[in-house]
Structure formats: C-alpha cells, structure tokens
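This report refers to the structure that appears directly beneath it.
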Amino acid sequence: MAALVEMRNIVKIYPNGVVANNGVNFSVERGEIHALVGENGAGKTTLMKVLYGLEHPTSGEILIEGKPVHFHSPDDAIAAGIGMVHQNFMLVPSFTIAENIVLGKEPTRRGLLDKAEAIRITEELSRQYGLKVEADAVVETVNVGMRQRVEILKTLYRGAEILILDEPTAVLTPQETQDLFRAVRKLVAQGKTVIFITHKLREVKEISDRVTVMRNGKVMGTLPTAEATREGLARMMVGRDVFLEVNKPPVQRGRKVMEVQDVSYVSETGRSMLKGVSFNVYAGEILGVAGVEGNGQTELVEVLTGLRPAASGRVLIDGKDILNRTPREVRLAGVAHIPEDRLTNGLALTASINENVIVDRYYNKPYRKGLLIDYKQVNKLGEALIDEFDIRTPSGLLPVSSLSGGNMQKVIVAREFSFNPHILIAAQPTRGIDVGATEFIRDQLVRKRTAGTGVLLVSADLAEVMSLSDRIIVMYEGEITGVFPNAQEVSEEELGLYMLGLKRQTPEEMEAYL
Amino acid sequence: MVELVLRGIFSAFFVASVLRISTPLILPALGGLVSELAGATNIALEGIMLTSAFTGVVISAYTKSVFLGVLAGILSGILIAALLAYFHLYLQTDLFLAGIALNIMATGGTIFLLYVLTGDKGNSSTLASGAVPNVTIPMIHDMPVLGTIVSGHNIFVYLGVLLTWLTSVMLYRTPFGVHLRAVGENPVAAESLGINVRLMRLYAILISGALASLGGLNLSMAYLTLFQREMTAGRGFIALAAVFLGGRTPWGTFIAAVLFGFFDALSNQLGSLKVPSMWVQMIPYVATIVALVVYALRKRAIYLERARKFQERHLAELQARGARPHETG
Amino acid sequence: MKILRIPAVREFLRILLAVVAALLLGFIITLLVSEDPIGAYKAFLTGPLSKFNRFGDWLEESITLIFVGLAVAVAFKSKQFSLGAEGQLLLGALVSGAIALFVPLPGILRIPVALLAAAAVGFIYGWIPGYLKAHLNANEIVSTLMLNTIALKLYDYFLIFHIKPPNAGYNASDFFPKAGVLPSFVPPFMGEIYTRFSQQTNVTIMLYIMIAAFIAAYYMMFRTPFGYELRMIGANIKFANYGGINTKRTIILVFAISGIFGGLAGAHLAMGIHTKLIMNISLGMGFEGIVVATLARNNPLFVPLAGLAYGYLRAGADVMERASDVSREMVLVIQAIIILLVTAEGLLPVIQQRVAARRSANGQNAAALEGGENG
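Residue numbers (our numbering), protein chains in the order written: chain A, 2 to 515; chain B, 2 to 330; chain C, 94 to 468.
Below, the structure is given as structure tokens:
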C-alpha cells in the first residue's frame with residue numbers, strides 16, 4: 002500500500018544560502034503517529050513547512066496517496082487534507098474559541114454569522130476527538146493547553162486528515178502533555194494521521210509508532226519506535242560532528258565575577274521559565290550553558306542583563322546585586338552582552354557602524370567632550386575596531402544594514418569586547434553566520450577568556466559549547482540539571498542525554514562544581 | 002437668568018439639539034472605528050468630510066438634484082479614501098503622513114474650487130444647492146416631549162443611529178466584520194487562514210470614507226445648505242478621539258460622540274449666561290486624556306497583579322518541593 | 094552614474110523630483126481654471142521676489158514655518174509622533190503676548206522675558222504628552238490632538254475674557270506697545286536699509302533667533318549625547334534600551350524640547366508678525382510644520398531650506414491670488430502632492446528589491462549546495 006504522504010528528495014535552500022533540507026526522503030503511513038526528531042536547525046520544521054505549502058522546495062516532489070501535488074500556499078495543503086499546528090499560536094485574543102475555530106470559514110445563515118452553529122460545530126468536534134474546550138470562552142483568558150487544542154480543532158474543522166504538530170509540548174506542562182497525548186491517540190483511532198515534530202525523546206517513545214531522525218538537513222534514519230532506544234536516537238541526533246579544534250591554553254581561574262543565586266522567573270502567561278537557577282562564573286574561564294533552546298536560556302540571559310524585570314533571587318557582581326536593575330546599571334557593573342537576537346536588540350540598522358559601537362560609552366570620556374560628542378574619537382574607535390575585528394566594510398560611517406550577517410555580528414562582538422567587561426554573556430553568538438566570521442568570533446571569545454574575562458556562553462550548538470567551554474552546565478526545563486567541571490572529560494552523547502532530560506544530577510552532586 | 006438656562010438645558014429642545022449636533026460627529030466616528038479596528042487608522046476623516054460636503058453642494062446645485070448631490074458626495078469621499086489606501090497599502094507611505102497630506106489637499110482643494118466656481122472664498126451661498134429633507138414621524142410628532150426629541154430631525158440624524166446599529170451588526174455578526182477585526186488584531190493569524198489582510202484593510206478604509214462622507218454631507222446639505230470654508234472645524238479628529246473614548250466599539254463610539262455633542266450644545270446655551278463657554282467645550286478633550294491615562298494605569302495594574310500572583314504560586318511550589326532559597330551554589 | 098549611489102544624493106533628487114512633479118500638476122490645474130494660466134503661474138513662481146514687501150512676507154512666514162518644522166523634526170526623528178506644535182504655538186503666543194502687553198519692563202528686558210516664557214510654556218506643554226507616552230504608553234497622537242484643542246480654548250478664553258480691551262469691537266488685543274514688539278533685524282544705524290526693512294516687512298530679530306535655533310537643534314541632534322539617544326530611540330528603541338539608554342527620560346525630553354520650538358513659533362507670530370493677539374492666530378501652521386519637517390527628512394540642518402522653499406510656495410500663492418484669478422489655496426494642493434510623493438517609500442525600493450533578488454537568486458544555489466552551512 003502506498004504511503005499516505007511521501008516526500009522525495011526534498012532540497013530547500015534559503016536565499017541567504019542556508020541549506021535547510023538536503024535531499025530528504027520522508028514518508029508517513031496512514032493512521033500512524035510519526036515522530037520527526039532532531040535538534041534546532043536540523044531541518045525538521047522546514048520540511049514540514051514545505052509539506053504545508055508555507056515554503057516551496059528548491060527541488061524534490063511530494064506525493065499524497067501516490068499522486069504528485071504542488072502546494073503554492075497553505076490553502077492547497079489544507080485542501081489536500083493537511084493541517085498544521087505551529088509553535089506560535091495563530092489566534093485572535095479577543096475572539097471566543099468558537100469564533101477562532103471557524104475564522105475564515107464561518108457558518109452563516111442568510112448572510113449573518115450563525116454563532117449557534119459555530120458553537121455546535123465546536124462542541125461536536127470537541128466531543129468527537131476528546132479535545133476539551135469551552136466554546137464561548139474568550140481565547141485571551143484560557144490557558145495554553147486549551148489554546149493548543151483550539152489550534153488542533155481549527156485544522157480538524159477544515160477537514161485535516163494529516164495533522165502536523167510542531168513541537169506541541171514545548172509550551173505545555175507535564176499534565177497538559179498527557180492530555181495532548183490522549184487526544185492524539187483518539188485522533189488516530191478515528192482515522193487521522195499525525196506527524197509529531199519534537200526533540201524530546203521521552204515523548205517519542207511514549208507516543209509515536211515510527212520515528213525519523215534528522216540532522217543538518219539530512220535524514221539519519223527512520224525506524225519503528227519499538228526498535229529504537231533513547232540512547233540510539235540521541236546518538237543519531239547529536240552525532241559525531243567535526244568540531245573545530247580550538248587552541249586553548251589551560252584554564253586559569255581567577256576570582257568569582259558573577260554569583261547567580263536562586264534566580265526564578267515566571268512569564269506573563271504563568272509559566273515557570275527559571276526555577277531557582279544558581280551558579281558562579283569565574284574570571285578567566287568560559288562557562289558553557291548547553292541545552293536545547295526553549296529550556297529557559299533566553300530568559301536567563303535577559304534576566305542577567307537587565308532586559309527582563311520581575312525575577313526573584315540575586316545576581317551578585319563584586320557583592321552588589323544587579324538583578325532587576327536597568328541595563329545601564331548592569332553594564333556599569335561590568336557585564337557585556339552579545340544578544341541572541343542581534344537584529345532586534347543588538348543593532349540599530351539605520352545608524353552607522355561607528356554609532357552602533359558607542360551606545361554603551363557615548364556619555365563618557367573620551368567620546369564626550371563637554372556638552373558634545375567627540376566624533377573624531379568615535380570614528381577613531383570605529384576604525385580601530387573595524388581593523389581589529391576584520392569587519393568587511395569600506396567605512397565605519399556606512400549604516401549597519403549594509404553589512405552581511407556575519408559582519409553585523411562582528412560589530413556587536415567588537416563593541417561588547419572592547420568595553421573591557423568583567424563578564425561577557427554571549428548568547429548564540431555564531432548562529433546563522435558564515436564560517437569565516439564564526440571562526441573569528443570563537444577565536445576572540447577564547448582570547449578574552451585567556452586574558453581574564455569571565456565568559457558565560459549560551460549556545461544551542463553543542464559542538465561549539467563543547468569545544469569552547471572550560472566548564473559546562475546543562476539547562477533543562479528552567480533548571481540546571483548537570484554540571485561538568487571539565488569540559489574535556491564529557492562526551493557528546495553524555496551531554497546529549499542531559500540536554501534531552503534523560504539524565505540529571507542531584508543538587509548535592511552539583512553543589513561543589515557550580 | 003441661570004434658571005432660564007437650566008430650564009433650557011433640561012428641555013426637549015436641548016436633547017433634540019444634542020442629537021442634531023452630534024450626528025456629524027457620529028458618522029465620521031463610525032468610519033474611524035471601522036478603519037481603526039482593521040488596523041489602518043484613518044487620519045484623513047477631516048479631509049474626507051470636507052471633500053464630500055463640498056462635492057454634495059456643488060453637484061446638487063448644478064444638477065438640481067439632491068440625490069445626485071449626495072451620491073457624488075459619497076463617491077468623492079470614497080475616492081479620497083481610495084487614495085489613502087493606495088498610497089499606504091501599495092506604496093508603503095506612512096499612513097499618518099498620507100492622511101495629513103490628504104487633509105491638507107482637501108482643505109486647499111475645496112476652497113480653491115469654491116473660488117473657481119463661485120468667485121467667493123467664504124461660502125457657496127451663491128449656489129442653489131440642495132437640502133436633504135427632514136423627517137416627520139406621523140403620530141409621534143404631535144406628542145409633547147417625545148415628539149420634539151424623536152421626530153422632525155434631518156434624515157442624517159436617523160442615519161446616524163441606523164448606521165451605528167448596522168455597523169455593530171456588520172462587525173460582530175457578519176463574516177466580513179469578523180475578518181476585518183481579525184485583521185486588525187492579529188494579521189498574521191488572519192493571513193494564515195487565507196484572509197487577505199491587504200484587501201480587508203482596503204475595504205475598511207473605503208468604508209470609513211463612505212461613512213465620513215455622510216458626516217460631511219450632513220454639514221452642508223441638512224440644516225445649513227451651503228459649503229463654508231473649513232466647515233468641518235476639526236470634527237474629523239474629534240471623531241477619532243470618540244473612537245478611543247468609546248472603547249473602540251460602535252455604541253461606545255456613538256455615546257462618546259454624543260458626549261462631545263452634548264458639551265458643544267451646552268456651551269452654546271451657556272453663551273447667553275456670559276459664562277465662558279470654553280471651559281465647557283474643553284471638558285470632552287480633557288476627558289479623553291483622562292480616559293487614556295486611566296486605561297493605561299488599569300492595564301499596568303492588571304499586569305502587576307498577575308505577575309505577583311504567579312510569583313506567590315511559584316514560591317509556594319518551590320517550598321513544597323523542599324528547596325530552600327539562597328542555599329545552593 | 095556613480096554619484097547616484099550616495100543615498101543622500103538620491104534622497105535629495107527624490108525630493109526635488111517630487112516638488113517638480115507637484116508643480117507641474119499645479120500648472121495643469123491652473124491651465125484648467127485660469128484665463129491667464131501662464132501669467133498666474135508666473136506670479137506664483139516669481140511673486141515673492143517681485144516686490145520688496147512680498148519678499149518680506151516670504152521671510153517672515155518662513156521663520157514661523159522653520160520653528161514649527163524644527164519642533165516636528167525633533168520629535169519625528171525619534172519616532173515620537175507629536176502633533177502638539179499647534180497647541181504649543183498658541184500658548185507661546187498667549188504667554189508672550191500677555192507679557193508684551195502687561196508686564197512693565199523696559200523693552201530690552203521685556204522681550205527676552207516674553208521669549209523665555211514662550212519657550213518655557215512650550216516646554217511644559219510638550220512635557221505633558223511626553224510623560225504620558227513614556228510612563229503610560231499613552232498614544233501621543235490622540236493626546237497631543239486633545240491638548241491642541243485645550244490650548245486653543247485656553248487661548249480664546251484668555252483673549253476674550255481677560256486680554257481684550259473692554260470696549261473692543263472684535264476679539265483681539267490691543268497692539269503691543271513698542272516695548273513688546275520685536276525689533277527689526279536690521280539695526281537702526283543702517284539708515285536706508287533699516288527703513289525699508291522695518292517699514293515694509295515684519296522680519297525681526299527672530300531671524301537671528303531662528304538661525305541660532307536651527308544650529309542649536311542640529312548640534313543637539315547630531316553632536317550631543319542627548320541627540321544620540323534621541324536618534325537611537327528613533328532607529329531602534331529596543332537597541333537603545335539594551336545599550337543602556339534611559340528611554341523614558343529621553344522620550345519625555347524629546348517632547349519637551351520639541352515644545353520649546355513650538356512655543357517660540359507662537360512668540361514670533363504674536364510679537365513679530367501680528368504684534369497683537371487675534372483669534373485664529375495660528376492658521377493651522379502647526380500642521381504645515383509636518384510638511385516642512387518631512388521635506389527636510391527630519392534633519393534640523395535642512396529645515397530652514399525646506400521652510401524657505403515651502404514658505405516660498407506659500408508666499409508665491411499669495412501673490413498669485415492678488416495678481417490673477419487663481420486662489421492661493423492651490424498651494425495647499427501642491428503641498429499635499431509633495432508629501433505624498435516624497436513619503437511614498439515604496440516607489441523606488443520595490444524596483445530596487447526586484448533587481449537585487451533576481452541577481453542573488455542566480456548566484457546562490459550553485460554555491461550553496463557545494464559549501465553547505467550550519468542552518
């Protein structure tokens with residue numbers, strides 16, 4: 002029997018040159034729950050976007066029930082019976098659940114909305130598939146679990162036979178996850194097919210029939226879940242990558258530059274993103290934070306740099322608590338920050354390179370002379386940094402937007418390094434950047450560390466973390482679940498297990514090394 | 002003296018005058034509401050009103066037909082709105098600047114054409130323009146209080162109420178209205194469901210043009226049957242304020258517009274009292290600012306309250322698990 | 094042409110083209126309505142230079158426009174869409190007029206005090222919406238519009254009920270005494286030149302103050318730490334915050350400083366041009382400042398040029414009206430077309446993007462499949 006969905010030799014290259022899918026073969030049988038796993042950047046979301054018509058493949062073909070199809074937009078995919086529930090919900094907050102479900106395809110009576118019918122449809126679908134929702138509740142007021150069920154019902158309303166769920170449990174509590182699994186089983190019992198994108202191996206074992214592992218844009222293997230072990234899957238996911246040999250003199254730790262004590266943070270929607278995180282950073286070392294994205298690293302960095310208020314706990318630098326202080330106060334305490342999202346936070350695209358570089362020091366000598374800014378000094382600094390950091394641009398007076406991604410990041414790095422911080426927090430510093438700039442930045446990080454700065458490196462790129470760090474801590478679900486005082490002595494597989502939540506150390510085990 | 006004025010205020014005539022004065026605020030406010038809810042605030046309401054007021058007068062004078070005048074007025078308003086939509090949606094002009102430009106164009110253009118056609122820059126009194134009739138409701142008209150309040154108004158007044166109701170129905174009970182509101186609130190979600198965001202915003206702007214044009218026609222073809230330079234006197238902007246003051250709902254906007262009209266009418270009454278009318282006239286504007294502040298403070302209070310509750314719950318959870326703060330590391 | 098690569102040159106050409114296109118359209122309109130279109134348009138284009146007092150009109154109106162343009166430019170450059178210039182202008186006129194009329198100081202003190210008061214009241218009236226925006230995130234468009242009307246009512250009230258002389262026929266104040274009138278910008282010892290300028294024009298020492306103002310505004314915006322903060326907030330407020338800039342404080346100051354210029358514009362209208370307080374003294378100039386600022390791309394250095402250019406069109410329209418059958422309001426239509434064309438960002442970039450996209454798509458695929466990159 003032909004597979005329900007077959008994707009043959011899918012290649013997807015983005016305009017910026019990134020190869021997201023490199024000859025992927027993927028097929029799904031009718032009525033199965035098929036898990037698609039891989040780390041961030043493995044290409045699984047891209048593959049599904051291609052299947053859903055959100056992206057066009059550079060080459061390759063898709064067959065539904067043996068017949069080739071071409072999806073120009075999600076409308077085509079929906080018409081073919083495919084539905085997708087994205088990680089970011091697409092709901093209108095002030096509308097009710099029923100209104101959201103029927104949005105775009107409302108039932109009408111004599112031209113007017115048939116609200117009763119919408120509610121009836123909602124309740125019918127809800128009952129049929131065991132997805133409990135309150136049809137007339139306003140979406141804004143319901144919890145995340147219910148919102149997700151609304152998204153699933155949306156696809157079912159449009160006649161989805163094949164449901165793609167993109168990291169659905171990323172936003173759920175453990176209880177809600179169980180509810181979701183029950184719902185998924187019920188869907189399948191009624192003849193639906195489910196593709197489940199995830200990086201959580203525990204869930205793969207629990208819910209799926211077959212699993213496909215992707216890494217770096219390629220499929221590493223497809224096998225029945227019963228035959229897969231979590232360790233085996235982890236090995237396929239994390240793999241033996243060639244990671245860069247970095248010349249690192251042995252670590253010479255100095256004093257404590259940052260003490261993080263029991264920091265907790267709850268998001269606006271009520272999720273605990275950080276649960277009592279504690280660790281220290283010492284001068285002269287790189288402390289790497291390993292972990293799959295979404296386990297609280299982003300929040301941790303933003304809390305430590307003053308960009309996110311309303312956290313509890315303490316962050317001590319030289320005995321002074323900088324938690325919940327303004328970004329300027331944090332910087333004045335000696336904390337530099339290479340932000341995860343360089344375009345949003347790290348740069349002002351329309352301003353010149355030189356002006357981007359002085360944002361943390363424009364009010365001080367020598368850049369300020371009396372009431373004015375001394376642009377001669379500013380430009381001198383700009384020139385020096387362009388030279389030192391090999392930023393490819395004819396002039397520092399040009400807007401940052403004229404640079405390539407890698408060079409933009411170098412501007413940020415140049416700025417943050419050059420203000421001689423005690424501690425440098427680098428979040429995803431080489432993400433999405435060309436190889437040359439990546440090597441350069443990594444090299445610079447090591448130099449800074451050897452010169453005595455404390456570096457906190459947060460990266461979803463395991464190879465990077467392992468090769469650069471002296472010590473490694475692993476974050477999982479808002480907590481530190483492992484610490485490795487000597488980065489050379491831990492293997493990728495071991496780290497992988499911690500990152501995926503399969504192994505953890507007790508607080509007592511970790512205490513001495515944090 | 003004061004007593005006379007008070008009695009004047011608490012009279013049926015006064016209520017009727019409030020309705021009359023509010024209508025040219027209600028109509029453009031509804032237009033502002035529709036475009037605002039779609040995420041394309043129409044700053045050019047003022048210019049659209051002026052344009053339609055002028056066009057209605059001119060066309061009705063030259064064709065000797067009230068109907069054609071009104072039709073032309075509405076079409077001219079939609080045309081201006083179409084220009085706004087085109088420049089913003091298709092040429093990426095900042096909505097705000099384009100709206101201001103069109104207001105300036107309308108102010109200048111109407112006076113310019115007025116002069117060309119009549120040789121007079123003040124008003125169009127030399128043109129015999131049409132008047133939209135008043136409506137007398139048969140039996141109610143003769144009733145003592147109710148009659149004055151409800152009957153005898155110009156058609157536009159009844160249109161104001163009717164259109165408020167229709168707008169409400171459209172926004173909340175038709176698929177079109179639902180799509181429009183979705184586009185304004187979460188365009189990404191709407192787009193993902195196949196709703197064409199740009200097209201919806203185009204429709205919204207055109208509708209707002211039509212509604213605002215009715216407001217303009219109300220000014221020049223109802224109680225006054227001529228066009229005066231700058232006769233809109235800022236009503237297009239007051240209409241926007243009414244939208245915000247009214248919480249961005251049709252009937253809220255209606256009430257806010259009536260509120261502005263009330264104070265306007267009140268200040269007329271007080272004129273005879275030698276009380277400076279300006280203080281009364283100022284009230285709705287101050288009220289709008291106060292409303293803005295209150296709204297913002299409330300939002301913040303809600304956020305802080307929620308954050309505090311979660312923190313409490315979170316700390317309780319930690320303690321239940323046995324972790325003690327400030328011990329590890 | 095290589096010179097076209099410089100973005101500043103491109104901008105300037107774009108604005109020039111927009112103005113030319115608008116003028117052409119204006120000419121077509123004139124053709125349609127006038128019996129002597131060429132004569133009318135000639136009067137329009139050369140009017141301000143034809144007679145001395147017209148030249149003076151041009152200059153004095155331009156000064157008002159430049160002040161208002163500076164007010165708008167300062168705010169808009171920081172992406173704060175303050176429309177409050179109109180209200181600041183009115184209150185500035187009111188306060189300076191009151192001092193000019195009633196404060197018994199010799200002219201040499203009275204005038205600076207009046208000017209300072211106008212600047213101060215503009216500062217305060219700008220501070221209000223700034224505070225609301227910074228701390229409460231209140232929409233500044235609504236708040237400044239409301240404040241404008243409130244200012245107008247206050248102006249009318251004080252004019253009619255407190256300032257207007259009791260036996261006056263219509264709503265205006267007395268003419269300001271000499272001690273309250275801005276002196277001509279030409280000093281008396283210059284003899285004949287002085288007589289010409291002071292009798293036929295209202296170009297006052299405000300000219301010098303205007304020059305000082307725009308230079309100060311330019312330096313402030315591009316050479317001071319505060320100006321840097323202002324521009325970074327306008328470029329990317331998240332970046333400004335991340336970098337340590339106190340965005341709340343800066344935003345409030347931006348609104349307040351913008352108000353200073355608005356207040357001074359009002360003082361100019363009251364003590365320079367009209368030398369008394371009248372109803373409707375502002376004539377909507379507050380909004381025309383937006384045109385000037387837009388033409389100057391919110392750069393104080395170009396505001397005088399834009400103000401003079403725009404003021405020229407305005408003055409030319411006045412002349413045209415007196416010399417022909419075309420009314421001056423046509424200039425408003427031309428203004429509007431200029432704004433629309435100048436701000437239609439989409440016209441050029443769309444074409445550019447299509448070309449760039451085609452170029453990159455061809456070169457990329459081959460290289461990518463060989464090299465491979467971490468996604």
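For each residue, glycine too, the CB sits at the ideal point set by N, CA and C.
Just so we're clear, the structure is a prediction, and the values are computed from it rather than from any experiment.
Where residue i falls, given that 16 or more other Cβ within 10 Å makes a residue buried
i	result
Gln320/B	exposed
Ser396/A	exposed
Lys310/B	exposed
Met274/A	buried
Val243/A	Low confidence applies to Val243/A: its pLDDT is 42, below 50, so where it sits in the model is not reliable, and the reading given next is rough at best. So Val243/A counts as exposed.
Glu490/A	exposed
Asn487/A	exposed
His71/A	exposed
Extent of the continuous beta strand (DSSP E) to which residue i belongs
i	result
Ser60/A	Ser60 to Ile65
Pro29/B	No beta strand (DSSP E) contains Pro29/B, which is instead part of the alpha helix (DSSP H) from Ala13 to Leu38.
Ala291/A	Ile287 to Ala291
Val19/A	Run containing Val19/A: none; DSSP gives neither H nor E here.
Tyr266/A	Lys257 to Val267
Under the three-state DSSP convention, the category residue i falls into
i	result
His423/A	coil
Thr213/A	strand
Leu458/A	strand
Val134/A	coil
Gln429/A	coil
Leu113/A	strand
His35/A	strand
Asp342/A	coil
Glu478/A	coil
Val243/A	In this prediction, Val243/A scores a pLDDT of 42, lower than 50, which makes its location untrustworthy; the coordinate-derived value is nonetheless stated afterwards. Val243/A: coil per DSSP, three-state reduction.
Leu188/A	helix
Asn135/B	strand
Thr1/A	With chain A covering only 2 through 515, there is no way to say anything about residue 1/A.
Alpha carbon of residue i to alpha carbon of residue j, nearest angstrom
i	j	result
Gly54/A	Gly383/A	45 Å
Leu227/B	Ser221/B	5 Å
Ile81/B	Gly100/B	10 Å
Asn339/C	Arg324/C	13 Å
Ala289/B	Gly223/C	The sequence shown places Thr at residue 289/B, rather than the Ala named in the question. If you take the alpha carbons of Thr289/B and Gly223/C, they lie about 16 Å apart.
Ala191/C	Thr394/A	58 Å
Terminal residues of the alpha helix (DSSP H) in which residue i lies
i	result
Asp77/A	Pro75 to Ala80
Lys331/C	Ile330 to Tyr335
Val412/C	Val396 to Ala416
Pro270/C	Segment: none, Pro270/C is in no alpha helix (DSSP H) and carries neither H nor E.
Glu7/A	Careful: Glu7/A lies outside any alpha helix (DSSP H), inside the beta strand (DSSP E) at Val6 to Ile14.
Min CB distance residue i to chain B below 8 Å
i	result
Ile243/C	yes
Gly146/A	no
Ser313/A	yes
Proximity test, residue i beta-carbon vs the ligand NAP heavy atom, cut-off 7 Å
i	result
Ala17/B	This structure simply doesn't include the ligand NAP, nor any ligand for that matter.
CB contact below 8 Å: residue i versus chain A
i	result
Ser155/B	Checking the sequence, you will find Asn at residue 155/B rather than Ser. Judged by the 8 Å Cβ criterion, Asn155/B is not in contact with chain A.
Gly195/B	yes
Ala231/C	no
is_contact[residue i, chain C] using C-beta, thresh 8 Å
i	result
Gln1/B	Beyond the ends of chain B as shown, which are 2 and 330, falls residue 1/B; an answer cannot be given.
Pro169/A	no
Ile442/A	no
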